[in-house]
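J.:
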Amino acid sequence: MSGIKGIPGRLYHLVGCAKVGVRAGKRMPTITSMKRVEPVEPPACFPDAGTTLLERWLRSTGRVPFAFQRQTWTRYLAGGSGLVHAPTGSGKTLAVFGGPVIERLSEDAPIKRTKTRNATEPVRVLWITPMRALATDTAKALTAIVQGVGLNWSVETRTSDTTATTRQKQRGRLPTVLVTTPESLSLLISYPDSREMLAGVRAAIVDEWHELLSTKRGVQAELGLARLRTVNPSLRTWGLSATLGNLREAHDVLLGPRQTGELIHAELPKETSVESMIPESIERFAWAGHLGIKMLNPVIAELERPGSSLVFANTRSQTEIWFRAILDRRPEWLGQVAIHHGSLDRKLRQQVEQLLREGKLRTVVCTSSLDLGVDFSSVDRVIQIGSPKGIARLMQRAGRSGHRPGEASRVICVPTHAFELVEFSAAREGIAHRRVESRRPLEKPLDLLVQHLVTIAAGGGFDDEAMKAELRTTHAYRDLTDEEWTWAIDFVARGGPTLTAYPQFSRVVHDGAGRWIVASERMARMHRLSVGTITGDGVVGLVTTGGKKLGTIEESFIGKLHPGDTFVFAGRAVQLVNVRQMKATVRQVSRRAGSVPQWAGGRFPMSTMLADAVRRRLDEARRGVFEDEEMRRVAPLLRLQAAWSALPAHRELLIESHQTREGHHYFLFGFLGRLVHEGLGALVGYRLKRLADAPVVATYTDYGLELLCPAPVTIDEPAWRSLLSTGRLVEDLLACLNAGQLARRQFREIARVAGLVLATSPGAPRSNRQLQASSELFFDVFTDFDPGNLLLEQARREVLERQLEINRLKEALLHLENQSIVITRPARLTPMAFPIWAQRIGSQTIRVEEANERIERMIAKLEKAAVADAP
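Sequence positions in the sequence shown follow my numbering and run 1 to 871.
This is the structure we're talking about:
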């Protein structure tokens, strides 16, 4: 190929989704922004017809393949599997979908043109996506390719948003390309004719694999892929991933221990610009969220610039606050500003996504619901409210802008407290050096194994040895022991030794021919209602008095309200009318005041990678180095910290000892993240209580923790070394947590996934309180009469690994053993200690106003001292 007019031939093979000509409304990347790549000739294994037709269509849209896309097609057509790693917006979709397309275009069978769904070709490709919003957009992108090359393929989605009518049609005949989720794939497998339905699947593609990798949903995807390989041994498996630190491990988990594949990198340049909005004044005593909406004016100024924006917040509550604040300040933007988060009704979310695609919105205020690869090429900038708490997450969100090859992504970070400027500076450094977080895969979640066995039993049944072998082809269950297998079979067959008297727990039975099948069709229907791993606070449907669906809201929030109370949802003020049968009826009101719902799981802990980068920045500040604008603006705060106490070096643990009327305070600044500090606070608090024979209150943030003792205790460096040792780590943690009280609560999720309790049944939804009571009953029964039940052990393990991050905690303690301990005794709260103190005051005071007043009084006192100490 000699190239396109104006572009040398050696640069021709650069574009997957990149343009090689100017199209209306699009900016063409300059030649200097592209990576110089030698021309890539079609590999010999490419069927000529398929390659020609695909490239002909690509040329008609101004595109040619990247080298990594051709490499993926080559591997696919040779029967291989693998994982594709490429920057956001660089053409990963075409890379993994092009193989199946070329394969079909090159077959001898004629392609019949038809618009009738049932006349299209049978299922060939299964595309697994982690999010509903991503499914819709992916289906549109795949449809464009299919129509562009003239294939007689149907493309449909199957998620919880799919209508009952469409799902029923799919039960009769699957589309050629099905875009689905791990949960919906499990549901498909649970039908007796699933083998026949899925036998034609040639390619299984897992999108945004990094989002699934370290979750039970990822394990559920592993199990689904294992079943597909059993049905079709020649199945090819491909994954897509953008920002991830442990790509090789992610590749191995996706394919399982019995498969080999290829890890394909897209060596494409991608510039990410990270900027910060600097407050006009930096307070020396800041606490989380105190800036909040005070940064509204500079955000509004940025939104007034030409182009469209995504405003990301870490919680749904923040999206509601910011959406309402923007419209209050700019009411003329009504219709140009939208809100998007997972609790909104499906139709509302889809409307917002479509308007954004069409370039009709100025701004969308959103959460992680728009984090992933939804292709909104019209987005010009991204604004991040507060710290993203992770380098990879900031890269992912930045990638929503400049969603085209060769074009820079831009994110503007807005601090909610002064110390977040340090995090923004550290995140920029991490992105520049590509230091992104790893995500560790889960090992043997037995609650999901129990669920999956019932799923396969309902889907036609299974043979003992064959099923055990199939499970061991997954990474999660590769080391499944015979004892664990026997326990799982016994648990689904009769409920283990404690539930044999209850027929509902005999979920699978022998069919007389040596196979396990579901006990009854009714049991299968009930099981399908509980398939999945997503658990959390109970949700209540939200509808208007006219019957319009608004979305869902968590039961813990709505349960605190009385009829007549107002709150804000989707940016509008609504008044609660009543709550019946897990449905809250509201009416819209004109008043602006109202509570903002608090959704569980919204706070992100700081990642290890970002925390380490923050420590490096503080070490530089200790040495008088302030490299960027963020660090220069927080310099007065950090200098005051150094004057009153110290700034820790990179390998130092700073401990501040401080006496007040409340008692004796010990502040430990580990910069290990909130979850690790939670476990560290429980552990050290327990050990300190034994030492001082007095109660200890622990408070923690991402930066450190406070231990408050009613009486002073003299603790020298050797004593701190003992308090922070790894000796008897698990035993002390379990003891300080009241021998498993957290495990009792964690067991609710396990009981739900394992099918012991049902979150819903036809006509009888269950409240969160009912689920907790039921699961605790099982927990107590197993503890008393079946202490060896493996689900109990899993609950304890998940508390240690997921809630307290014991592995990360152990690594942190080992790291602290090699650090110097610096103990200071400042006369007052320091700038680093103040936010932790304020966190405790805010959590212990019932009325927000009272907490704020007390915090403001302390700020005034500390500011007076700071002014007096100024040179």
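Where a beta carbon is used, it is the ideal one built from N, C-alpha and C, also for glycine.
Treat the numbers as computed from the prediction; the structure is a model and nothing was measured.
#1: From the DSSP output, in three-state form, read off N118 for me.
#2: Is G224 near P182, with beta carbons less than 8 Å apart?
#3: Would you grab the beta carbon distance between S81 and R236 for me? Rounded to a whole angstrom, and I think it's under 8 Å.
#4: Under DSSP, the beta strand (DSSP E) around A698 begins and ends at which residues?
#5: Tell me, to the nearest whole angstrom, how far the beta carbon of I391 is from that of T416; I am working on the premise that it is less than 8 Å.
#6: Please classify V907: is it buried, with 16 or more other beta-carbons within 10 angstroms of its beta-carbon, or exposed?
#7: Which residues mark the beginning and the end of the alpha helix (DSSP H) in which W333 is found?
#8: Within its chain, find whatever has a CB closer than 7 Å to the CB of E662; leave out the 5 residues flanking it on each side and keep chain order.
#9: Provide the residue span of the beta strand (DSSP E) that contains K689, from first to last.
#10: How about W127 and I205: are their beta carbons less than 8 Å apart?
#11: Have a look at E801, S387, R854 and flag the residue whose alpha-carbon is nearest the alpha-carbon of V274.
#12: Classify T165 as buried or exposed, calling it buried when 16 or more other Cβ atoms lie within 10 Å of its own Cβ.
#13: Mind the definition here: the region 173-187 touches the region 131-143 only if three or more C-beta pairs lie below 8 Å; say whether that holds.
#14: On the three-state DSSP scale, how would you describe N578?
#15: Can you give me the start and stop residues for the alpha helix (DSSP H) that E156 sits inside?
#16: By Cβ distance, which residues of its chain are closer than 6 Å to R227, with the 5 residues on each side in sequence left out?
#17: For T660, which three-state DSSP category applies?
#18: What residue does the beta strand (DSSP E) around G82 start on, and which one ends it?
#19: Beta strand (DSSP E) containing V568: first to last residue?
#20: Give me the Cβ distance between E656 and P826, rounded to the nearest whole Å; I'm assuming they're in contact under 8 Å.
#21: What are the start and end residues of the beta strand (DSSP E) that includes G495?
#22: Am I right that G886 and S160 are in contact with their C-beta atoms under 8 Å? What's the rounded C-beta distance?
#23: Buried or exposed, going by whether 16 or more other CB atoms sit within 10 Å of the CB of T545?
#24: Would you mind working out which of P122, M609, A711, R651 sits nearest H658, comparing C-alpha positions?
#25: Which of the three DSSP states is assigned to G99 in this structure?
#26: In chain order, what residues of the same chain lie with their CB nearer than 8 Å to the CB of T632, ignoring the 5 residues before and after it?
#27: Tell me, to the nearest whole angstrom, how far the beta carbon of V436 is from that of T243; I am working on the premise that it is less than 8 Å.
#28: Between which two residues does the alpha helix (DSSP H) containing S194 stretch?
#29: The alpha helix (DSSP H) with P614 in it runs from where to where?
#30: Assign S425 to one of two classes, buried (16 or more other C-beta atoms within 10 Å of its C-beta) or exposed (fewer than that).
#31: Using C-beta distances below 7 Å, list every residue in its chain close to Q69, excluding the 5 sequence neighbours before and after it, in chain order.
#32: Since L348 and G551 should fall inside the 8 Å C-beta cutoff, what is the C-beta to C-beta distance between them, to a whole number of angstroms?
#33: Using a Cβ-Cβ cut-off of 7 Å (strictly less than) and excluding sequence neighbours within five positions of P831, which residues of its own chain qualify?
#34: Quick check on the DSSP output: what are the complete alpha helix (DSSP H) runs of length 4 or more inside the region 267-354, in order along the chain?
#35: Whether or not the region 775-788 and the region 615-622 are in contact is what I'm after, with contact meaning three or more pairs of Cβ atoms, one per stretch, closer than 8 Å; do they touch?
#36: Look at the alpha carbon of G200 and the alpha carbon of A398, and state the distance between them as a whole number of angstroms.
T.: Result, derived from the coordinates:
#1: Translated into the one-based positions of the sequence shown, residue 118 becomes position 118. Reduced to three states, the DSSP call for N118 is helix.
#2: Taking the sequence shown and counting its residues from 1, the one referred to as residue 224 is at position 224. Taking the sequence shown and counting its residues from 1, the one referred to as residue 182 is at position 182. Yes.
#3: For this step, residue 81 is matched to residue 81 along the sequence shown. For this step, residue 236 is matched to residue 236 along the sequence shown. Confirmed, Cβ separation roughly 5 Å.
#4: Counted from its first residue, the sequence shown places residue 698 at position 698. Counting along the chain, the beta strand (DSSP E) containing A698 begins and ends at 697-700.
#5: On the sequence shown, residue 391 is found 391 positions in, with the first residue counted as 1. On the sequence shown, residue 416 is found 416 positions in, with the first residue counted as 1. Their Cβ separation, rounded to whole angstroms, is 18 Å, which puts I391 and T416 out of contact at 8 Å.
#6: The structure shown does not extend to residue 907, since the chain is modelled only from 1 through 871, so no value can be given for it.
#7: Looking up residue 333 in the sequence shown gives position 333. From DSSP, W333 is part of no alpha helix (DSSP H); its letter is neither H nor E.
#8: The residue labelled residue 662 in the question sits at position 662 within the sequence shown. Only L708 meet the Cβ criterion.
#9: As a working note, residue 689 is residue 689 in the sequence shown. Premise fails: K689 lies in the alpha helix (DSSP H), 674-692, not in any beta strand (DSSP E).
#10: Mapped onto the sequence shown, residue 127 falls at position 127. Mapped onto the sequence shown, residue 205 falls at position 205. Yes.
#11: Counting from 1 along the sequence shown, the entry for residue 274 is found at position 274. Between V274 and the set E801, S387, R854, the nearest pair of CA atoms involves S387.
#12: The residue you call residue 165 lines up with position 165 of the sequence shown. It is exposed - the Cβ of T165 has fewer than 16 other Cβ atoms within 10 Å.
#13: The answer is yes - the region 131-143 touches the region 173-187, with three or more Cβ pairs under 8 Å.
#14: For the purposes of this step, residue 578 is taken as residue 578 along the sequence shown, with counting starting at 1. Note: N578 maps to strand in three-state DSSP.
#15: Here the question's residue 156 lines up with position 156 in the sequence shown. Looking at the DSSP string, E156 is not in any alpha helix (DSSP H); the run it does join, the beta strand (DSSP E), is 155-158.
#16: Walking along the sequence shown from the start, residue 227 turns up at place 227. Excluding residues within five positions, the ones whose Cβ falls inside 6 Å are I189.
#17: As a position in the sequence shown, residue 660 is number 660, starting the count at 1. Three-state result, T660: strand.
#18: As a working mapping, residue 82 is identified with position 82 in the sequence shown. Unbroken beta strand (DSSP E) run through G82: 82-85.
#19: By 1-based counting over the sequence shown, the position of residue 568 is 568. Per DSSP, V568 belongs to the beta strand (DSSP E) from 566-569.
#20: In the sequence shown, the residue the question calls residue 656 occupies position 656. In the sequence shown, the residue the question calls residue 826 occupies position 826. The Cβ separation is near 6 Å, so the contact holds.
#21: Taking the first residue of the sequence shown as position 1, residue 495 is located at position 495. Unbroken run through G495: none, as it is neither H nor E.
#22: Look at the range of the chain in this structure, 1 to 871, and you will see that residue 886 is not part of it.
#23: If you number the sequence shown from 1, residue 545 lands on position 545. By the neighbour-count rule (16 or more Cβ atoms within 10 Å), T545 is not buried but exposed.
#24: Within the sequence shown, numbered from 1, the residue matching residue 658 stands at position 658. Comparing Cα positions, the closest option is A711.
#25: Here residue 99 is taken as the residue at index 99 of the sequence shown, counted from 1. G99 falls in the helix class under three-state DSSP.
#26: By 1-based counting over the sequence shown, the position of residue 632 is 632. One detail in the question is off: residue 632 reads as Arg in this sequence, not Thr. For R632, where only same-chain residues beyond five positions count, the Cβ hits under 8 Å are F626.
#27: By one-based count along the sequence shown, residue 436 stands at place 436. By one-based count along the sequence shown, residue 243 stands at place 243. Contact flag correct, Cβ pair sits at about 5 Å.
#28: Locating residue 194 in the sequence shown gives position 194, counting from the first residue. For S194, the uninterrupted alpha helix (DSSP H) segment begins and ends at 194-198.
#29: Within the sequence shown, numbered from 1, the residue matching residue 614 stands at position 614. In the sequence on display, residue 614 carries Val and not Pro. Residues 608-622.
#30: Taking the sequence shown and counting its residues from 1, one reaches residue 425 at position 425. By the neighbour-count rule (16 or more Cβ atoms within 10 Å), S425 is buried.
#31: Here residue 69 refers to the residue found at position 69 when the sequence shown is read from its first residue. Closer than 7 Å at the Cβ level, and outside the excluded window around Q69, lie G16, G91, L94, A95, G98.
#32: For the purposes of this step, residue 348 is identified with residue 348 of the sequence shown, where counting begins at 1. For the purposes of this step, residue 551 is identified with residue 551 of the sequence shown, where counting begins at 1. At roughly 7 Å, the Cβ-Cβ gap stays under 8 Å, so L348 and G551 are in contact.
#33: Counted from its first residue, the sequence shown places residue 831 at position 831. Same-chain partners within the cutoff: R284, F285, L637, L640, Q641.
#34: 296-303, 316-329
#35: Judged by Cβ distances under 8 Å, the region 615-622 makes no contact with the region 775-788, as fewer than three pairs qualify.
#36: Taking the first residue of the sequence shown as position 1, residue 200 is located at position 200. Taking the first residue of the sequence shown as position 1, residue 398 is located at position 398. Their Cα atoms are separated by approximately 38 Å.
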